[in-house]
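Protein sequences, first through last, are from chains X and H. Residue numbering for the first sequence is 745 to 863, as defined by the numbering used here. Residue numbering for the second sequence is 299 to 409, as defined by the numbering used here. In this text, a Cβ means the ideal position worked out from N, Cα and C, and glycines have one as well. Since the structure is predicted, the reported quantities are computational estimates derived from the model, not experimental observations. Worksheet: the structure to be examined is printed underneath.
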Amino acid sequence: GAVVSQHPSRVICKSGTSVKIECRSLDFQATTMFWYRQFPKQSLMLMATSNEGSKATYEQGVEKDKFLINHASLTLSTLTVTSAHPEDSSFYICSARDFITSGTTDTQYFGPGTRLTVL
Amino acid sequence: EDKVVQSPLSLVVHEGDTVTLNCSYEVTNFRSLLWYKQEKKAPTFLFMLTSSGIEKKSGRLSSILDKKELFSILNITATQTGDSAVYLCAAGGSAGNKLTFGGGTRVLVKP
């Protein structure tokens with residue numbers, strides 16, 4: 745149980761293009777999903793909290809117009825990196841909290857991550 | 299600002315050794331502390347701790363929380379090469395259900 749998938753696992757794109765990353769909870773419903781960014785040999789940096797049916801909450805310093813988040817259903821959140829530049833190259837990881845247990849546990853289940861390389 | 303600090307940053311041990319990883323936290327309205335293991339890809343959940351002094355065990359891994367001193371430890375006994383990974387500690391508070399992650403401890407277990 746508690747499986748989260750991410751697609752694509754790896755993407756290479758040209759500077760100026762937009763890239764969409766999908767995060768799905770496969771066997772549970774997730775009213776809240778989180779998007780993280782991880783640089784090599786560093787820890788996870790929370791970018792935004794994605795709530796189903798409402799606007800995402802972005803962390804300080806994260807540009808909401810550059811990193812568009814949509815959480816249209818209880819099992820799917822998407823992150824779109826708009827007009828990507830080489831400095832956006834990173835490992836992006838999503839996580840989800842199980843709706844049923846979210847009131848009693850802080851446990852987040854992570855997707856396998858997406859490695860983005862912007863040339 | 300919420301903060302989680304892990305130590306040591308990294309360590310190298312040999313198979314069969316025991317390792318102890320440390321995690322200290324300062325989190326507003328603390329609710330829980332979580333440990334994750336990260337190998338090549340995304341973190342996998344190990345433990346969630348909410349009460350002081352109650353050890354949680356899973357095979358050779360165990361963890362305990364001290365809410366008075368604001369820290370937790372993760373022990374791995376009889377280490378194996380498959381235990382090589384980055385171990386992440388995260389604290390959950392009431393601020394929007396977010397987790398604040400520590401910088402991780404990189405463990406390398408040599409044969």
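request  = Identify which residue in H:Gly400, H:Lys408 and H:Gln378 has its Cα closest to the Cα of tyrosine 334 of chain H.
outcome  = When H:Gly400, H:Lys408 and H:Gln378 are compared, the shortest CA-CA separation from tyrosine 334 of chain H is found for H:Gly400.
query = Given a limit of 9 Å on CB to CB distance, which residues of the stretch 785 to 816 of chain X reach chain H?
reply = Flagged, chain order: Lys785, Gln786, Ser787, Leu788, Met789, Leu790, Thr793, Thr801 and Glu803.
query = Closest Cβ-Cβ distance between proline 830 of chain X and chain H: below 8 Å?
reply = By this cut-off, proline 830 of chain X is not an interface position.
request  = Please confirm if lysine 396 of chain H has its CB atom under 8 Å from at least one CB of chain X.
outcome  = For lysine 396 of chain H, a Cβ of chain X is located within less than 8 Å of the residue's own Cβ.
ask   = Whole-angstrom Cβ separation of cysteine 387 of chain H and leucine 347 of chain H, contact assumed at under 8 Å?
value = Cysteine 387 of chain H to leucine 347 of chain H, Cβ: 10 Å. No contact.
key: Chain-ordered chain H contacts of threonine 822 of chain X [CB-CB under 8 Å]   = Residues of chain H whose Cβ lies closer than 8 Å to the Cβ of threonine 822 of chain X do not exist, since the nearest Cβ in that chain is about 17 Å away.
Serine 350 of chain H versus H:Val303, H:Glu367, H:Asp315 and H:Ala389, residue with shortest Cα-Cα distance = It is H:Glu367 whose Cα lies nearest to the Cα of serine 350 of chain H.
key: aspartate 300 of chain H, DSSP secondary structure in three states   = In this structure, aspartate 300 of chain H counts as coil in the three-state DSSP scheme.
Rounded straight-line distance, which links the Cα of valine 407 of chain H to that of alanine 840 of chain X = Distance between the alpha carbons of alanine 840 of chain X and valine 407 of chain H is about 30 Å.
As assigned by DSSP and simplified to three states, the class of threonine 861 of chain X = Residue state for threonine 861 of chain X is assigned as strand, using DSSP reduced to three classes.
ask   = So, valine 384 of chain H versus glycine 402 of chain H, is the Cβ gap smaller than 8 Å?
value = In this structure, glycine 402 of chain H lies closer than 8 Å to valine 384 of chain H by Cβ.
task = For serine 360 of chain H, I'd like the list of residues in its chain whose CB is within less than 6 Å of its CB, leaving aside the five on either flank, ordered along the chain.
result = Listed in chain order, the non-local C-beta contacts of serine 360 of chain H below 6 Å within the same chain comprise Glu353 and Asn373, local neighbours out to five positions each way being set aside.
task = Would you mind telling me which residues of chain H sit closer than 7 Å to phenylalanine 854 of chain X, beta carbon to beta carbon, in chain order?
result = Within chain H, the C-beta atoms nearer than 7 Å to that of phenylalanine 854 of chain X come from Ala340 and Pro341, in chain order.
query = Going by alpha carbons, who is nearest to serine 753 of chain X out of H:Glu324, H:Cys321, H:Ala340 and H:Val317?
reply = It is H:Ala340 whose Cα lies nearest to the Cα of serine 753 of chain X.
query = DSSP state of glycine 390 of chain H, grouped into three classes?
reply = Correct three-state label for glycine 390 of chain H: strand.
query = Taking the alpha carbon of methionine 789 of chain X as the point to measure from, which residue in X:Tyr780, X:His815, X:Arg768 and X:Cys838 has its own alpha carbon closest?
reply = Distance check between methionine 789 of chain X and each of X:Tyr780, X:His815, X:Arg768 and X:Cys838 places X:Tyr780 closest, using alpha-carbon atoms only.
query = With a cut-off of 8 Å, does the C-beta of phenylalanine 399 of chain H fall near any C-beta of chain X?
reply = Under the Cβ criterion of 8 Å, phenylalanine 399 of chain H is counted among the residues facing chain X.
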